[in-house]
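Residue numbers (our numbering): 8 to 174. The beta carbon of each residue, even a glycine, is placed where N, CA and C say it ideally should be. Just so we're clear, the structure is a prediction, and the values are computed from it rather than from any experiment. Everything below concerns the one structure shown next.
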């Protein structure tokens, strides 16, 4: 009989410890932008707009939605596909720097030097060391020149009932 009480006490302690750990969990916004909502549907009012890397404290989990608290103390629900357990990379490695160097704000005619335009010295050095050809630099430049507006992405997800718009 004494062993049964000890076993139950240990089980209660473990469940309590695991529950407390879940409440102290930190998630990070992994989407380019995300909405914190008052409820667990995409139709609920937005209580805060979040950006990539914002830290969120987990309050509760419910299926595909997570109730979180922001650093500013705002509590709301976010779709689980918009968060990650690991903080998004800060982009300070050579590959990220190379990608940033290729990015442009607007598309223009592609020339033989288009891929190299705008590269900083570190990115250019990396591209040269890695043997990235001008043809590949030009291809990356053309791809990164194509921008899809956030509104268009959200409309696509909503029309296809994908992500947070899934039922």
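Between the CA atoms of residue j and residue i - distance to the nearest angstrom
{"i": "residue 41", "j": "residue 85", "result": "8 Å"}
{"i": "residue 68", "j": "residue 163", "result": "26 Å"}
{"i": "residue 154", "j": "residue 131", "result": "23 Å"}
{"i": "residue 87", "j": "residue 128", "result": "39 Å"}
{"i": "residue 137", "j": "residue 172", "result": "42 Å"}
{"i": "residue 50", "j": "residue 43", "result": "11 Å"}
{"i": "residue 147", "j": "residue 58", "result": "25 Å"}
{"i": "residue 53", "j": "residue 45", "result": "6 Å"}
{"i": "residue 75", "j": "residue 156", "result": "27 Å"}
Minimum C-alpha distance to residue i - residue among the options
{"i": "residue 77", "options": "39, 52, 49, 32", "result": "32"}
{"i": "residue 158", "options": "96, 166, 63", "result": "166"}
{"i": "residue 95", "options": "160, 38, 51", "result": "38"}
{"i": "residue 61", "options": "133, 71, 89", "result": "89"}
{"i": "residue 72", "options": "80, 64, 47", "result": "47"}
Own chain partners of residue i with C-beta closer than 7 Å, once the 5 adjacent residues on each side are dropped
{"i": "residue 174", "result": "168"}
{"i": "residue 92", "result": "34"}
{"i": "residue 81", "result": "43, 54, 55"}
Start-to-end residues for the beta strand (DSSP E) that takes in residue i
{"i": "residue 56", "result": "53-58"}
{"i": "residue 76", "result": "72-77"}
{"i": "residue 62", "result": "62-69"}
{"i": "residue 34", "result": "33-36"}
Element boundaries [alpha helix (DSSP H), containing residue i]
{"i": "residue 44", "result": "Element bounds for residue 44: not the alpha helix (DSSP H) but the beta strand (DSSP E), 40-44."}
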